[in-house]
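Q:
2 protein chains.
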Amino acid sequence: MFDPITALKEYVRFPSVSTDSKYAEGMDGARSYICGLLKTLGFSLEVVETERHPIVYAERFGRPEWPHIVLYGHYDVQPADPFILWTSPAFAAEERNGRLYGRGAADNKGPTIVHMAALQSLLSKRPDLPLNITYVIEGEEEIGSPSMPAFFDRYGDRLAKADFMLVSDTGSPNTDQIVITTALRGLVDLEVRLTGPKVDLHSGIHGGAVYNPLQALSELCASLHLPDGSVNVPGFYDDVVPAEDWEREELKRYPETEASYRDLLDVPAFAPARGLNPLEAVRFGPTLELNGIGGGYQGEGSKTVIPREAFAKITCRLVANQDPIAIQDKVIATLEERCPQGVRLNVRRGGTAEAYLVVPPNRPNTPRDQPASLARAFAAADQAIESSFGRAPIYLREGGSIPVIADFKKRSGLDALMIGLFTPEDNLHAPDESFDLGLLSRAVTAFEQILSGIAAKD
Amino acid sequence: MFDPITALKEYVRFPSVSTDSKYAEGMDGARSYICGLLKTLGFSLEVVETERHPIVYAERFGRPEWPHIVLYGHYDVQPADPFILWTSPAFAAEERNGRLYGRGAADNKGPTIVHMAALQSLLSKRPDLPLNITYVIEGEEEIGSPSMPAFFDRYGDRLAKADFMLVSDTGSPNTDQIVITTALRGLVDLEVRLTGPKVDLHSGIHGGAVYNPLQALSELCASLHLPDGSVNVPGFYDDVVPAEDWEREELKRYPETEASYRDLLDVPAFAPARGLNPLEAVRFGPTLELNGIGGGYQGEGSKTVIPREAFAKITCRLVANQDPIAIQDKVIATLEERCPQGVRLNVRRGGTAEAYLVVPPNRPNTPRDQPASLARAFAAADQAIESSFGRAPIYLREGGSIPVIADFKKRSGLDALMIGLFTPEDNLHAPDESFDLGLLSRAVTAFEQILSGIAAKD
Chain A
25 MFDPITALKE
35 YVRFPSVSTD
45 SKYAEGMDGA
55 RSYICGLLKT
65 LGFSLEVVET
75 ERHPIVYAER
85 FGRPEWPHIV
95 LYGHYDVQPA
105 DPFILWTSPA
115 FAAEERNGRL
125 YGRGAADNKG
135 PTIVHMAALQ
145 SLLSKRPDLP
155 LNITYVIEGE
165 EEIGSPSMPA
175 FFDRYGDRLA
185 KADFMLVSDT
195 GSPNTDQIVI
205 TTALRGLVDL
215 EVRLTGPKVD
225 LHSGIHGGAV
235 YNPLQALSEL
245 CASLHLPDGS
255 VNVPGFYDDV
265 VPAEDWEREE
275 LKRYPETEAS
285 YRDLLDVPAF
295 APARGLNPLE
305 AVRFGPTLEL
315 NGIGGGYQGE
325 GSKTVIPREA
335 FAKITCRLVA
345 NQDPIAIQDK
355 VIATLEERCP
365 QGVRLNVRRG
375 GTAEAYLVVP
385 PNRPNTPRDQ
395 PASLARAFAA
405 ADQAIESSFG
415 RAPIYLREGG
425 SIPVIADFKK
435 RSGLDALMIG
445 LFTPEDNLHA
455 PDESFDLGLL
465 SRAVTAFEQI
475 LSGIAAKD
Chain B
25 MFDPITALKE
35 YVRFPSVSTD
45 SKYAEGMDGA
55 RSYICGLLKT
65 LGFSLEVVET
75 ERHPIVYAER
85 FGRPEWPHIV
95 LYGHYDVQPA
105 DPFILWTSPA
115 FAAEERNGRL
125 YGRGAADNKG
135 PTIVHMAALQ
145 SLLSKRPDLP
155 LNITYVIEGE
165 EEIGSPSMPA
175 FFDRYGDRLA
185 KADFMLVSDT
195 GSPNTDQIVI
205 TTALRGLVDL
215 EVRLTGPKVD
225 LHSGIHGGAV
235 YNPLQALSEL
245 CASLHLPDGS
255 VNVPGFYDDV
265 VPAEDWEREE
275 LKRYPETEAS
285 YRDLLDVPAF
295 APARGLNPLE
305 AVRFGPTLEL
315 NGIGGGYQGE
325 GSKTVIPREA
335 FAKITCRLVA
345 NQDPIAIQDK
355 VIATLEERCP
365 QGVRLNVRRG
375 GTAEAYLVVP
385 PNRPNTPRDQ
395 PASLARAFAA
405 ADQAIESSFG
415 RAPIYLREGG
425 SIPVIADFKK
435 RSGLDALMIG
445 LFTPEDNLHA
455 PDESFDLGLL
465 SRAVTAFEQI
475 LSGIAAKD
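If you read the sequences in order, they're chains A and B. In terms of the numbering used here, the first sequence opens at residue 25 and continues consecutively. In terms of the numbering used here, the second sequence opens at residue 25 and continues consecutively.
1. Please identify the residue among B:Arg217, B:Thr205, B:Glu333, B:Ala408 whose C-alpha is closest to the C-alpha of B:Met442.
2. What in chain D is Cβ-close to A:His249, meaning under 7 Å?
3. Could you check the C-alpha separation between A:Leu208 and A:Ile161 for me, to the nearest Å?
4. Please confirm if B:Cys245 has its CB atom under 7 Å from at least one CB of chain A.
5. At 7 Å on the CB atoms, spell out the chain A contacts of B:Ser425, in chain order.
6. Please work out which residues of its chain come closer than 6 Å, Cβ to Cβ, to A:Arg435, disregarding the five sequence neighbours upstream and downstream, and give them in chain order.
7. Can at least three beta-carbon pairs, one atom from the segment 300–312 of chain B and one from the segment 298–315 of chain A, be found at a separation below 8 Å?
8. By the criterion of Cβ-Cβ separation under 8 Å, what are the contact partners of A:Ile330 in chain B?
9. By a C-beta neighbour count over all protein chains shown, 10 Å radius and 16 as the cutoff for buried, is B:Arg415 buried or exposed?
10. Could you tell me if B:Asp100 is buried or exposed, where buried requires 16 or more neighbouring beta carbons within 10 angstroms of its beta carbon?
11. Which same chain residues, not among the five before or five after B:Ala494, have their C-beta less than 7 Å away from its C-beta?
12. Put B:Cys59 into one of helix, strand or coil per three-state DSSP.
13. Near A:Gly259, which residues of its chain fall below 6 Å by C-beta distance, leaving aside the five closest residues on each side in sequence?
14. Spatial neighbours of B:Val72 within its chain, please: CB distance less than 7 Å, with the 5 preceding and 5 following residues excluded, ordered by chain position.
15. On the DSSP bridge assignment, give the partners of B:His249 in chain order.
16. Since B:Phe235 meets chain A, which of its residues come closer than 9 Å, beta carbon to beta carbon?
17. So what does DSSP say about B:Ala334, is it helix, strand or coil?
18. According to DSSP, is A:Thr64 part of a helix, a strand, or is it coil?
19. Could you check which residue in A:His453, A:Gln473, A:Arg466 has the C-alpha nearest to that of A:Gly106?
20. Could you tell me whether the Cβ of B:Gln394 comes closer than 7 Å to any Cβ of chain A?
21. Between B:Asp262, B:Leu183, B:Val329, which lies nearest to B:Gly220 when the distance is taken from Cα to Cα?
22. Whose CA, out of B:Leu69, B:Lys63, B:Arg150, lies closest to the CA of B:Gln473?
23. Would you report the Cα separation of B:Gly232 and A:Val255, rounded to the nearest angstrom?
24. At the 7 Å Cβ level, is B:Asn386 part of the contact set with chain A, yes or no?
25. With a cut-off of 8 Å, do at least 3 Cβ pairs link the segment 281–295 of chain A to the segment 234–247 of chain A?
26. Can you find the residues in the same chain that come closer than 6 Å, C-beta to C-beta, to A:Asp263, ignoring five residues on each side of it along the sequence?
27. Which of the three DSSP states, helix, strand or coil, is assigned to B:Leu464?
28. Starting from the C-beta of A:Lys327, find all residues in its chain whose C-beta is less than 6 Å away, skip the five residues before and the five after it, and write them out in chain order.
29. Among B:Val216, B:Arg392, B:Glu280, which has the Cα closest to the Cα of B:Gly319?
30. Using 7 Å as the limit for Cβ to Cβ distance, is B:Asn451 near chain A?
31. Ignoring anything shorter than 4 residues or poking outside the segment 298–335 of chain A, list the alpha helix (DSSP H) runs there in chain order.
32. Identify the contact partners of A:Val223 in chain B, using a Cβ-Cβ distance below 9 Å as the criterion.
33. Where DSSP assigns a beta bridge to A:His98, which residues make up the other side?
34. By Cβ distance below 6 Å, which residues in the same chain neighbour A:Leu190 in space, the five residues on each side in sequence not counted?
35. By the 8 Å beta-carbon criterion, what residues does the segment 359–373 of chain A contribute toward chain B?
36. May I ask you to report which of helix, strand or coil DSSP gives B:Val138?
Below, the structure written as structure tokens:
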């Protein structure tokens with residue numbers, strides 16, 4: 025038997041940053057660790073090799089007539105820099121005031137441990153639990169899941185025999201109000217590099233003659249939004265399907281106001297795209313964000329230089345019905361068209377992912393072919409959450425992306441029941457990421473009930 | 025007796041980066057090294073303490089009626105990063121194909137060694153040379169000479185007894201065509217920092233609601249130029265005095281065409297401000313340049329983050345008659361006025377320096393109070409350069425800045441005869457900076473003649 029908090033600490037201490045090859049050892053450690061837990065739970069294991077980080081595939085299979093769920097998660101984490109802004113070291117897994125601090129504590133290591141601890145508890149009481157379970161825990165979620173298409177080529181048919189997925193890689197507004205996520209945004213990643221002179225130039229000797237790549241980059245990046253906050257890329261909004269009325273109503277139950285949200289982030293003002301308030305904009309609208317810009321001298325003091333190059337890292341979040349490749353093409357075409365003549369433009373195409381949308385049972389426009397087992401699962405979750413957390417869940421679209429969820433649907437026909445275990449205080453992708461240990465404990469209880477509710481009657 | 029090439033190598037090997045406190049030891053080493061050379065030449069030395077890097081003040085004083093010149097230089101250098109772009113290590117002083125490579129080899133260590141070697145040679149033949157010489161070699165030129173005002177408070181009157189200055193911290197088009205520089209641009213340094221949310225945010229969970237500081241920075245920076253290449257800061261050009269006709273004519277003698285200049289820099293197109301061609305723009309016009317921009321994720325791969333802050337390092341080059349403080353105020357006021365409401369703006373005021381202009385003897389609008397000794401010096405230089413290099417010098421404004429030259433004029437009434445020893449191949453402020461050793465040798469001969477010509481008749 026493992027203790028969930030101890031297990032989470034051990035798991036967080038492996039620095040499993042998938043984007044940076046320096047962290048190969050941390051990736052190996054995190055993967056081995058969860059394999060060990062799955063073995064303890066009696067799963068049969070396959071470690072599926074990929075070009076970078078292997079996928080953990082594990083099965084608990086009893087009888088074909090039992091319900092069959094897929095539990096999805098990821099063992100990789102975002103980079104932890106800037107390290108200097110962390111109160112305790114990013115991979116120390118320090119416990120303070122009922123929270124566990126560390127990169128990945130919430131995204132996605134905490135929820136993974138919740139699921140496993142719930143399963144452990146349930147199996148200790150019902151060793152013959154009539155539930156087939158397939159675990160898929162990948163190591164490339166934070167870099168856009170590039171190996172999953174090949175994985176689906178090999179495993180898609182086996183996965184298609186399952187009924188649906190259970191996922192906890194989404195957020196809730198606080199530790200009392202759990203959200204069931206009905207949509208995820210898609211993602212488009214790209215990087216622009218502008219090159220001017222062949223070497224860095226002295227800004228006195230050559231300043232005035234050449235187009236400074238930093239100026240060109242600023243102009244290009246500035247052109248990508250309009251003053252009303254919308255993305256200024258022709259055709260960007262063409263295929264966007266707006267949110268349903270019931271979704272806007274459900275959002276009103278969300279325990280966050282514009283004022284409280286502004287206080288949380290400590291921004292002087294919001295800047296949502298036209299037609300959406302800030303709370304809607306992060307859920308119902310697509311975005312284009314600059315994630316990093318660099319060029320020239322960044323050290324102490326000043327350096328009078330015209331740099332030879334400058335870059336910008338850009339990602340877009342897409343909503344259901346937007347085609348990521350088409351959007352990537354449009355952004356690149358726009359950059360090429362607007363690039364000043366004085367510099368040369370290079371674009372690195374990064375990963376893309378489609379958005380995902382599930383309409384819960386008994387809502388307007390629920391697809392007719394939705395499996396009955398999914399409706400049972402939603403009902404079990406509704407009940408377990410209300411009993412563990414004291415409040416019924418809110419059904420809401422989420423702004424984040426889990427690139428593979430749309431692929432599970434497309435390749436294996438699996439819809440997803442997504443139960444959010446992050447809260448805004450968790451600082452996902454930011455310094456001082458943490459996970460609430462009180463929530464962890466209540467979530468273990470809830471997931472034990474959910475898994476029990478999904479299982480077939482003995 | 026020291027050998028000039030050996031001396032230059034030794035001098036370059038001290039990494040004297042003034043802007044970065046990590047290089048304190050290199051600063052000390054470089055300063056001690058030139059103090060040693062000056063002692064060898066028989067100078068009496070004072071090391072003038074400042075808040076950061078001491079000034080070397082040295083005198084050779086015979087009789088009051090002898091001509092008295094000031095030789096100015098600097099022992100500090102620009103930062104050498106990005107180190108990865110150097111062919112040999114930045115402070116290794118490696119000799120390849122008749123050039124000495126290293127940060128500071130040209131700016132300003134090579135010319136300093138030229139002056140000292142010429143003096144050494146001349147004194148070996150005429151130990152009683154009737155010439156009073158004051159050396160001022162500072163350690164803060166590359167950071168805007170912040171200690172020089174206090175230095176002038178203490179030494180300005182002593183310096184005022186000199187006739188004029190001799191300086192080699194400017195450029196020439198190639199190793200055969202020397203330029204006598206008639207103007208230097210002024211400098212304004214500042215840094216903008218924009219802050220948005222209190223921590224880096226997950227671009228999925230929060231993307232769409234907040235004003236991304238990188239977007240705000242791009243918009244602010246993009247606003248600082250107009251499509252015609254001019255600086256878009258109200259009042260920026262108010263006090264600019266355009267170049268004289270003779271200066272535009274003299275520039276036509278300059279052995280560089282737009283095409284050859286474009287090949288040299290390898291830019292796809294030029295972007296001079298309205299009304300100037302590229303060769304004029306770097307000499308006759310003021311500029312605003314972005315020297316560095318940074319914010320968000322800059323590592324390998326991607327990171328889906330909205331960063332909490334972003335910065336831009338900005339410098340302006342000013343021409344004669346522009347007031348640097350007034351320009352700094354105007355740029356800051358413009359940034360404040362244009363800063364989006366969604367972010368907070370902070371500006372660090374860096375150093376400023378006035379531009380400098382000397383009209384050579386017998387040109388239109390030469391000031392009537394110009395000292396006769398300066399005319400003699402110009403004539404001696406004219407002759408010595410033609411005899412050593414085979415061509416008469418070109419009289420030209422320079423795009424770079426030597427912040428203290430205007431101060432020497434203002435505080436001690438000294439005009440400057442500036443003889444350019446850098447060439448474009450030297451890669452000043454850039455990777456693979458180097459100094460041509462053939463030019464070094466010819467320049468030593470020329471300066472020996474110039475010093476001899478300035479000296480009183482025995």
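Ideal placement from N, C-alpha and C gives every residue a C-beta, glycine not left out.
A: Judging by the given coordinates:
1. As a working note, residue 442 of chain B is residue 418 in the second sequence. Comparing Cα positions, the closest option is B:Thr205.
2. No chain D is part of this structure, whose protein chains are labelled A and B.
3. Position 184 of the first sequence, counting from 1, holds the residue named residue 208 of chain A. Position 137 of the first sequence, counting from 1, holds the residue named residue 161 of chain A. The alpha-carbon atoms of A:Leu208 and A:Ile161 are separated by roughly 18 Å.
4. The sequence position of residue 245 of chain B within the second sequence is 221, counting from 1. B:Cys245 counts as touching chain A.
5. Your numbering for residue 425 of chain B matches position 401 in the second sequence. Those are Gly228, listed as they occur along chain A.
6. Taking the first sequence and counting its residues from 1, one reaches residue 435 of chain A at position 411. For A:Arg435, where only same-chain residues beyond five positions count, the Cβ hits under 6 Å are Phe176, Gly180.
7. no
8. On the first sequence, residue 330 of chain A is found 306 positions in, with the first residue counted as 1. The answer, in chain order, is Glu313, Asn315.
9. For this step, residue 415 of chain B is matched to residue 391 along the second sequence. That one is exposed.
10. The residue given as residue 100 of chain B occupies position 76 in the second sequence. Per the 10 Å Cβ criterion, buried.
11. The first residue shown for chain B is 25 and the last is 482, placing residue 494 of chain B beyond what the model contains.
12. Against the second sequence, residue 59 of chain B aligns to sequence position 35. In the structure shown, B:Cys59 sits in a helix (DSSP, three-state: H, G or I).
13. On the first sequence, residue 259 of chain A is found 235 positions in, with the first residue counted as 1. Here the set comprises Lys354.
14. As a first step, residue 72 of chain B must be located in the second sequence, where it is residue number 48. Pro78, Ile79, Tyr81, Phe175.
15. As a first step, residue 249 of chain B must be located in the second sequence, where it is residue number 225. Answer is B:Val255, bridged to B:His249.
16. The residue you call residue 235 of chain B lines up with position 211 of the second sequence. Checking the displayed sequence, the identity of residue 235 of chain B turns out to be Tyr instead of Phe. Correct list: Gly253, Val291, Pro292, Ala293, Phe294, Ala295.
17. Sequence index remark: in the second sequence, residue 334 of chain B carries index 310 (1-based). Note: B:Ala334 maps to strand in three-state DSSP.
18. Taking the first residue of the first sequence as position 1, residue 64 of chain A is located at position 40. A:Thr64: helix per DSSP, three-state reduction.
19. The count along the first sequence starts at 1 and reaches residue 106 of chain A at position 82. What sits at residue 106 of chain A in the sequence shown is Pro, not Gly. Out of A:His453, A:Gln473, A:Arg466, A:His453 has the C-alpha closest to the C-alpha of A:Pro106.
20. Taking the first residue of the second sequence as position 1, residue 394 of chain B is located at position 370. False, the Cβ-Cβ gap to chain A never drops below 7 Å.
21. Here residue 220 of chain B refers to the residue found at position 196 of the second sequence. It is B:Val329.
22. Along the second sequence, one-based indexing puts residue 473 of chain B at 449. Here the closest residue by C-alpha is B:Arg150.
23. Counted from its first residue, the second sequence places residue 232 of chain B at position 208. Counted from its first residue, the first sequence places residue 255 of chain A at position 231. Cα to Cα, the separation comes out at about 10 Å.
24. Position 362 of the second sequence holds residue 386 of chain B. Chain A contact via Cβ: absent.
25. no
26. For the purposes of this step, residue 263 of chain A is taken as residue 239 along the first sequence, with counting starting at 1. Once the five neighbours on either side are set aside, the close Cβ partners of A:Asp263 are Asn345, Gln346.
27. By 1-based counting over the second sequence, the position of residue 464 of chain B is 440. Note: B:Leu464 maps to helix in three-state DSSP.
28. Walking along the first sequence from the start, residue 327 of chain A turns up at place 303. Correct list, in chain order: Tyr321.
29. Counted from its first residue, the second sequence places residue 319 of chain B at position 295. Among B:Val216, B:Arg392, B:Glu280, the Cα nearest to that of B:Gly319 is on B:Val216.
30. Mapped onto the second sequence, residue 451 of chain B falls at position 427. Yes, its Cβ sits closer than 7 Å to a Cβ of chain A.
31. 302–308
32. Numbered from its first residue, the first sequence carries residue 223 of chain A at position 199. Per Cβ cutoff of 9 Å: Leu109, Leu289, Asp290, Asn451, Ala454, Pro455, Asp456.
33. Here residue 98 of chain A corresponds to residue number 74 of the first sequence, with the count starting at 1. Partner(s): A:Glu162.
34. Position 166 of the first sequence, counted from the start, is the residue given in the question as residue 190 of chain A. So the qualifying residues of the chain are Ile93, Leu95, Leu441.
35. Pro364, Gln365, Gly366, Val367, Arg368
36. Residue numbering aside, residue 138 of chain B sits at position 114 when the second sequence is read from its first letter. B:Val138: helix per DSSP, three-state reduction.
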